[in-house]
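Structure first, commentary second.
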Amino acid sequence: MSIDRLIEIFGRLADHDSGESPSRTLCNVAAGFTELSGAGIALYSQEHQLTSLGTSNPTSHELLDLEMVLGEGPCTDASLGEDAVDEGHLESSTSMRWLAYTPIALSLGACAVFAFPLRIGAVRLGALSLYRDQRGELTELQSSDCYLMASVVTRAVLAMQAGAPPDTLAAQLEGEGSFDFTTHQAAGMVAVQGTMLIGDAMLALRSRAFSSNSTLSSLAGRVVSRSVHFDPSSGEWLEGQGRRQGGL
Amino acid sequence: MAREQLLIATLVELADNLVDNFDVIDVLTMLSDRCVETIDVDAAGVMLASPGGELQFIASSSESMRVLELFQIQVDEGPCVDCFKDGLAIVDRALTDPDDRWPRFSPMALALGFKSVHCLPMRLRGRTIGALNLFRTEQGSIDANDIALAKGLADVATIAILQHQTSINARTLNDQLSKALNSRIIIEQAKGMISQATQCDMPPLLLG
Chain A
6 MSIDRLIEIF
16 GRLADHDSGE
26 SPSRTLCNVA
36 AGFTELSGAG
46 IALYSQEHQL
56 TSLGTSNPTS
66 HELLDLEMVL
76 GEGPCTDASL
86 GEDAVDEGHL
96 ESSTSMRWLA
106 YTPIALSLGA
116 CAVFAFPLRI
126 GAVRLGALSL
136 YRDQRGELTE
146 LQSSDCYLMA
156 SVVTRAVLAM
166 QAGAPPDTLA
176 AQLEGEGSFD
186 FTTHQAAGMV
196 AVQGTMLIGD
206 AMLALRSRAF
216 SSNSTLSSLA
226 GRVVSRSVHF
236 DPSSGEWLEG
246 QGRRQGGL
Chain B
118 MAREQLLIAT
128 LVELADNLVD
138 NFDVIDVLTM
148 LSDRCVETID
158 VDAAGVMLAS
168 PGGELQFIAS
178 SSESMRVLEL
188 FQIQVDEGPC
198 VDCFKDGLAI
208 VDRALTDPDD
218 RWPRFSPMAL
228 ALGFKSVHCL
238 PMRLRGRTIG
248 ALNLFRTEQG
258 SIDANDIALA
268 KGLADVATIA
278 ILQHQTSINA
288 RTLNDQLSKA
298 LNSRIIIEQA
308 KGMISQATQC
318 DMPPLLLG
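Here it is, written out as structure tokens:
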């Protein structure tokens with residue numbers, strides 16, 4: 006662990022605009038400090054649901070969104086496995102580890118993707134997601150910087166949650182650029198529209214986002230604003246508000 | 118042990134302490150001892166502010182330093198008190214008797230054999246959480262590298278202290294975070310279900 010680098014991270018965090026959310030600051034500092042194109046923080050809930058805590062730019066947002074849609078990708082692997090994920094050449098990746106993820110990530114402009122587990126000892130939170138718009142492995146310094154940054158993010162997230170009442174997210178973890186719960190609201194709506202279980206509604210949303218080349222968050226936004234809905238009689242997704250549900 | 122090896126050993130020890138078995142007093146006592154071993158000072162000590170903003174004695178490399186730290190708190194005067202209040206380093210301050218700046222502290226320090234003092238604020242994100250005292254039995258200027266080294270050690274100790282609470286509670290906190298996230302997800306799903314069933318729009322404030 007390089008103390009100079011640790012102090013550098015804290016210096017960058019201290020210099021950052023106090024107006025942005027802490028999670029956005031962490032992502033911006035992560036991207037700048039590791040000299041990569043973008044960064045995101047992915048947390049795993051108890052149900053092993055990947056949730057984005059924040060991202061530094063639109064592409065890192067779309068990359069995390071893509072992992073939520075597909076259920077595969079670097080953060081998923083890094084969160085569940087032991088090791089960091091280092092795919093410096095996504096295009097020529099021979100591992101075939103993410104058949105669906107890889108071509109879409111490339112089309113989003115991510116030529117290299119990296120993910121570092123967020124953990125302290127056996128305690129695991131999720132992963133720090135990083136990408137670069139150019140191919141190439143991480144240098145040794147970048148790699149150790151990423152590990153260091155991931156450890157700072159882990160502690161920072163836990164420090165923010167410390168002191169929040171039980172079963173409540175800390176206020177610092179909410180707000181602009183933090184958790185986006187629209188997807189879960191949309192899943193609730195689709196569950197009622199299609200009279201299905203919430204898990205199935207989430208799957209339906211994910212598959213719809215995939216098949217319509219949409220991001221999960223934009224599809225969810227359209228469901229919540231009632232510009233699209235799921236029609237159970239035809240099994241189709243239709244524009245507009247749909248029929249009024251009886252009963253309540 | 119060579120100076121570099123000592124320094125590396127110190128940093129590794131501090132880094133280890135970031136993870137488990139953390140004891141603030143152990144870490145700061147080690148910091149004080151290592152300052153005396155690695156740089157040209159004769160005694161070192163750390164004072165930290167309590168949550169109420171009062172300075173408290175935490176660690177020292179020697180008994181005479183301990184006495185002087187407690188004395189500074191008692192009379193509310195001395196290098197550590199100034200350094201903490203101003204957040205500015207004090208370097209190469211020769212002690213004299215009489216002394217306009219510290220009329221009570223200086224004679225006491227001179228009586229215990231110290232002739233010059235240095236004091237570094239322990240700062241992070243604009244906040245001063247305490248100060249590192251470095252006392253010498255001779256006058257004259259301290260090497261700039263020594264000051265840089267002491268500052269590096271103080272910075273790391275500062276970070277270690279601020280992260281302390283997080284480290285020991287990692288498992289509990291992660292469980293809480295995970296539960297909180299899960300409850301929140303369920304609440305948001307329920308909001309979606311109610312919104313759909315009742316055809317009421319999601320209140321804008323609750324959208325995100």
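As given, the protein sequences belong to chains A and B, one line each in that order. Note that this note's numbering gives residue 216 to position 211 of the first sequence, counting from 1, and the numbers run on in steps of one. Note that this note's numbering gives residue 317 to position 200 of the second sequence, counting from 1, and the numbers run on in steps of one. Think of the CB as a built atom: it goes at the ideal place given N, C-alpha and C, for glycine as much as any other residue. Owing to the predicted nature of the structure, the values given are computational and were not obtained by experimental measurement.
Alpha-carbon spacing of residue i relative to residue j, whole angstroms
i               : j               : result
C152 of chain B : D88 of chain A  : 37 angstroms
D143 of chain B : R137 of chain A : 42 angstroms
T254 of chain B : K296 of chain B : 57 angstroms
L11 of chain A  : L153 of chain A : 7 angstroms
L58 of chain A  : D185 of chain A : 8 angstroms
F38 of chain A  : V273 of chain B : 18 angstroms
L31 of chain A  : S238 of chain A : 46 angstroms
Q189 of chain B : D214 of chain B : 16 angstroms
P27 of chain A  : P220 of chain B : 46 angstroms
S148 of chain A : V90 of chain A  : 11 angstroms
G325 of chain B : D70 of chain A  : Bear in mind that a pLDDT of 42 at G325 of chain B, under 50, signals an unreliable position, so the model cannot answer this.
Q306 of chain B : D20 of chain A  : 38 angstroms
S84 of chain A  : L229 of chain B : 57 angstroms
G204 of chain A : V128 of chain A : 26 angstroms
A191 of chain A : G126 of chain A : 36 angstroms
P168 of chain B : S156 of chain A : 26 angstroms
E13 of chain A  : R240 of chain B : 14 angstroms
A90 of chain B  : E25 of chain A  : This structure cannot settle anything about residue 90 of chain B, because the visible part of chain B is limited to 118 through 325.
S219 of chain A : V118 of chain A : 21 angstroms
Beta carbon proximity, residue i to chain B, threshold 7 angstroms
i               : result
A132 of chain A : no
D20 of chain A  : no
Q139 of chain A : no
H189 of chain A : yes
D70 of chain A  : no
Q177 of chain A : no
F38 of chain A  : no
I12 of chain A  : yes
L163 of chain A : yes
V34 of chain A  : no
A167 of chain A : yes
D82 of chain A  : no
V74 of chain A  : no
Residues of its chain near residue i, where Cβ-Cβ distance is below 8 angstroms and the 5 sequence neighbours each way are ignored
i               : result
P108 of chain A : none
S312 of chain B : D318 and M319
E186 of chain B : G162, M164, F174, S177, C197 and N250
F201 of chain B : M164, A166, L172, P238, T245, G247 and A248
M182 of chain B : S149, A160, A161, G162, N250 and F252
G309 of chain B : M319
Simplified DSSP state of residue i, which is helix, strand or coil
i               : result
Q191 of chain B : helix
E171 of chain B : coil
L202 of chain A : coil
I259 of chain B : coil
M164 of chain B : strand
P238 of chain B : strand
H234 of chain A : strand
D1 of chain A   : The question about residue 1 of chain A has no answer, for chain A in this structure spans 6 to 253.
N62 of chain A  : coil
R221 of chain B : coil
I2 of chain A   : Because chain A here runs from 6 to 253, residue 2 of chain A falls outside it and cannot be looked at.
I46 of chain A  : strand
P215 of chain B : coil
G251 of chain A : Since pLDDT at G251 of chain A reaches only 41, below the 50 mark, its modelled position is unreliable, and no value is offered.
Min CB distance residue i to chain A below 7 angstroms
i               : result
M319 of chain B : yes
L266 of chain B : no
A287 of chain B : yes
D209 of chain B : no
D143 of chain B : no
D203 of chain B : no
D272 of chain B : yes
Sequence-distant residues of the same chain with beta carbon closer than 7 angstroms to residue i, five excluded per side
i               : result
F235 of chain A : V195, Q198, G199, A209 and W242
K268 of chain B : L237
A132 of chain A : A47, C80, A83, S84, A120, F121, P122 and L123
Cut-off 6 angstroms between Cβ atoms - residues of its own chain near residue i, not counting five sequence neighbours on either side
i               : result
N62 of chain A  : G43
S258 of chain B : D209
L41 of chain A  : L135 and R137
Y106 of chain A : L75, E77 and G78
E194 of chain B : W219, R221 and F222
Point to revise | Short-range partners of chain B found in the segment 192–225 of chain A, where Cβ spacing is below 7 angstroms | key: A192, G193, M194, A196, V197, Q198 and I203
Practice item. Note down, in chain order, all residues in the segment 291–319 of chain B with a beta-carbon under 7 angstroms from any beta-carbon belonging to chain A. Key: Taking 7 angstroms as the Cβ-Cβ cut-off against chain A, the residues of the segment 291–319 of chain B that qualify are N291, Q293, L294, S295, K296, A297, L298, N299, S300, R301, I302, E305, Q306, A307, K308, G309, M310, S312, Q313, A314, T315, Q316 and M319.
Check your understanding: Between the segment 102–123 of chain A and chain B, which residues of the former have CB atoms less than 8 angstroms from a CB of the latter, in chain order?
Key -> For the segment 102–123 of chain A, the set of positions with a beta-carbon nearer than 8 angstroms to some beta-carbon of chain B is empty.
**Study point:** Contact residues within the segment 146–159 of chain A, judged by C-beta distance below 7 angstroms to chain B
**Key:** none
Review point. Using a Cβ cut-off of 7 angstroms, which residues of the segment 226–238 of chain A contact any Cβ in chain B, in chain order?
Key: Using a CB distance below 7 angstroms, the part of the segment 226–238 of chain A facing chain B consists of V229, ordered along the chain.
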